[in-house]
Amino acid sequence: MLRIRISEEIDVIIQQIEENGKTEYIRNRIADLIIDSLNSVKDSFGYWEKLNLANAISNLKINWFRASLVNLEVALAPAYLRNENFTQRNKELDSYTYEKLMEAVQQCIRRIE
Numbered sequence: 002m003l004r005i006r007i008s009e010e011i012d013v014i015i016q017q018i019e020e021n022g023k024t025e026y027i028r029n030r031i032a033d034l035i036i037d038s039l040n041s042v043k044d045s046f047g048y049w050e051k052l053n054l055a056n057a058i059s060n061l062k063i064n065w066f067r068a069s070l071v072n073l074e075v076a077l078a079p080a081y082l083r084n085e086n087f088t089q090r091n092k093e094l095d096s097y098t099y100e101k102l103m104e105a106v107q108q109c110i111r112r113i114e
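Take 2 as the starting number for the sequence shown in this note's numbering and just add one per residue.
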């Protein structure tokens, strides 16, 4: 199951952060997880996923790796744990597409290559 694999990967990445691992390597691993997550929700891409994956990408861009990982894990929370109405909907965020977020995460990767 993807959520379990991502949780395990997150644990490994957190260990690398704590051990002062290479920023570029950590960024790429997180970007890969975000891409996997985007692909896994592509056919059911709702506001919850848009909000949390967009935040994960934004945090990744500014090297807030732990925050990015938290957003990533929250994005994949099962429906019964979600509160879809915890905030007012944002029109700009509502307009985000799978393709737009995929491009944003790809830019994070290209930034360090």
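Ideal Cβ placement from N, Cα and C applies to all residues, glycine included.
Listed in chain order, the alpha helix (DSSP H) elements of length 4 or more contained wholly in the stretch 3 to 66 are 3 to 19, 24 to 42, 48 to 62. Ranked by how close their Cα comes to the Cα of S45, the residues E19, V106, T98 have T98 in first place. Shown here for E74: same chain residues with a beta carbon closer than 8 Å to its own, the five before and five after excluded, namely I7, S8, I11 in chain order. With a threshold of 16 other beta carbon atoms within 10 Å, A57 meets it and is buried. Of the candidates N40, R83, Q17, the residue whose Cα lies closest to the Cα of L102 is N40. F87 is classed as exposed because its beta carbon has fewer than 16 other beta carbons within 10 Å across all chains shown.
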